[in-house]
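Residue numbers (our numbering), protein chains in the order written: chain L, 1 to 134; chain D, 1001 to 1136. Using N, Cα and C, we set each Cβ at its ideal position, and we do this for glycine too. Just so we're clear, the structure is a prediction, and the values are computed from it rather than from any experiment. Remarks on the structure that follows.
The following block contains the structure:
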């Protein structure tokens, strides 16, 4: 699979993310954009990208954004709220520019609109817990 | 994989026949407990994150598969699609854990199914989930 124009490959470390990857990133710190090209493996029997795959993507990419904002702090997903607005299919480039809504010492509140060709296919809100470095 | 088959409860039926379900699985349906639909999987190496826990995406995929299947079973529809899904992660799953989900239909209308579910490894609660499925 070729790297989309303007993107670099994300160095994935989680076995399940490597299994569903590759993923791509571009842009400056604090305004990064992440992308994944959907393929047949990601789709259900009706030929659209599986909801579980989209939520896996949400966990991956919001997690990358939390790491980016915290110098790779150890963190876990506390919750995830997802709206599925439109189907995506194999060959689609799914992109997101995650937003940090609020950050405290121990929590990061995230949101992200996942798009295909500029149209939102999935809207996600998620809270992440940070573990202190000491 | 023999060790997986050995740790599955009696009556477990592989439902991961194709697509992402198979790529991410295998996932199994267990015999119903009254009105509660039950499903399970065994956490494999590929399901992990780098911290040694089951990846959140795997638990959400498992929940989406089990809850979508429950929507179809409870309505007789050939297809149901996830409209919204919400979950809280309460504790991590570990390698080789037998992870079970119990799905309940909270309400069914002509067009929609409202579901809630609990995911656990034995007595350890891992995740709670709820969501809305559109019939057809």
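Check for me: the alpha helix (DSSP H) holding residue i runs from which residue to which?
i	result
residue 1065(D)	1056 to 1075
residue 1032(D)	First-last for residue 1032(D): 1028 to 1033, but that is the beta strand (DSSP E), not the alpha helix (DSSP H).
residue 1008(D)	Neither: residue 1008(D) is in no alpha helix (DSSP H) and is coded neither H nor E.
residue 63(L)	51 to 70
residue 1021(D)	1019 to 1024
residue 16(L)	15 to 20
Near residue i, which residues of its chain fall below 6 Å by C-beta distance, leaving aside the five closest residues on each side in sequence?
i	result
residue 125(L)	81 and 111
residue 1001(D)	With a pLDDT of only 49 at residue 1001(D), under the threshold of 50, the placement of this residue in the model should not be trusted; the figure read from the coordinates follows. Excluding sequence neighbours, residue 1001(D) sits near nothing in its chain.
residue 75(L)	66, 128 and 130
residue 26(L)	6, 7 and 33
residue 1097(D)	1043 and 1121
residue 31(L)	none
residue 83(L)	123
residue 99(L)	111
For residue i, verify whether its CB is less than 7 Å away from any heavy atom of the ligand MG.
i	result
residue 63(L)	With respect to small molecules bound, the structure shown includes none, and the ligand MG cannot be examined in it.
In chain order, what residues of the same chain lie with their CB nearer than 7 Å to the CB of residue i, ignoring the 5 residues before and after it?
i	result
residue 1136(D)	1077 and 1079
residue 60(L)	17 and 23
residue 1113(D)	1071, 1074, 1075, 1080, 1105, 1133 and 1135
residue 1056(D)	1089
Is residue j closer than 8 Å to residue i when the C-beta atoms are compared?
i	j	result
residue 96(L)	residue 68(L)	no
residue 55(L)	residue 129(L)	no
residue 19(L)	residue 1019(D)	no
residue 1037(D)	residue 1083(D)	no
residue 1105(D)	residue 1130(D)	no
residue 1059(D)	residue 1025(D)	no
residue 43(L)	residue 90(L)	yes
residue 37(L)	residue 86(L)	no
residue 1069(D)	residue 1091(D)	no
residue 1041(D)	residue 1099(D)	yes
residue 1061(D)	residue 47(L)	no
residue 4(L)	residue 93(L)	yes
residue 1101(D)	residue 1066(D)	yes
residue 1028(D)	residue 1017(D)	no
residue 1039(D)	residue 1064(D)	no
residue 1186(D)	residue 1095(D)	Chain D is shown from 1001 up to 1136; residue 1186(D) falls before or after that span and cannot be answered.
Strictly below 8 Å CB to CB, what residues from chain B border residue i?
i	result
residue 1088(D)	The chain labelled as chain B is not found among the protein chains of the depicted structure, namely L and D.
So, for residue i: in the same chain, excluding its five sequence neighbours on each side, which residues have a beta-carbon less than 8 Å away from its beta-carbon?
i	result
residue 1011(D)	1030 and 1031
residue 10(L)	21, 22, 23, 24, 25, 34 and 64
residue 1128(D)	1087, 1088, 1090, 1116, 1117, 1118 and 1119
residue 115(L)	94, 95, 96 and 121
Give the range of the beta strand (DSSP E) segment to which residue i is assigned.
i	result
residue 25(L)	24 to 26
residue 1081(D)	1080 to 1089
residue 1112(D)	1112 to 1121
residue 1051(D)	Looking at the DSSP string, residue 1051(D) is not in any beta strand (DSSP E), and its letter there is neither H nor E.
residue 93(L)	93 to 96
residue 75(L)	75 to 84
Next item on the list: Taking a Cβ distance cut-off of 8 Å, strictly less, list which residues of the stretch 1093 to 1117 of chain D are near chain L, in chain order.
Entry: Those would be none; no residue qualifies.
Next item on the list: Please name the residues in the stretch 1034 to 1059 of chain D whose beta-carbon is closer than 7 Å to at least one beta-carbon of chain L, in chain order.
Entry: Listed by position along the chain: 1045, 1046, 1047, 1048, 1049, 1050, 1055, 1056, 1057 and 1058.
Check: Which residues, in chain order, does the stretch 8 to 29 of chain L contribute to contact with chain D at a C-beta distance below 8 Å?
Finding: Identification of residues in the stretch 8 to 29 of chain L having a C-beta nearer than 8 Å to some C-beta of chain D yields 13, 14, 15, 16, 17, 19 and 20, given in sequence order.
Margin query: Beta carbons nearer than 7 Å to chain D: which residues of the stretch 29 to 49 of chain L have them?
Written below: Going along the stretch 29 to 49 of chain L in chain order, one finds 41, 42, 43, 44, 45 and 46 with a Cβ nearer than 7 Å to chain D.
Next item on the list: Note down, in chain order, all residues in the stretch 1006 to 1021 of chain D with a beta-carbon under 9 Å from any beta-carbon belonging to chain L.
Entry: Those would be 1017, 1018, 1019, 1020 and 1021, in chain order.
Margin query: Taking beta-carbon pairs under 9 Å, can you tell me which members of the stretch 1060 to 1083 of chain D lie near chain L?
Written below: Residues passing the 9 Å Cβ filter: 1060, 1061, 1062, 1063, 1064, 1065, 1068, 1079, 1081, 1082 and 1083.
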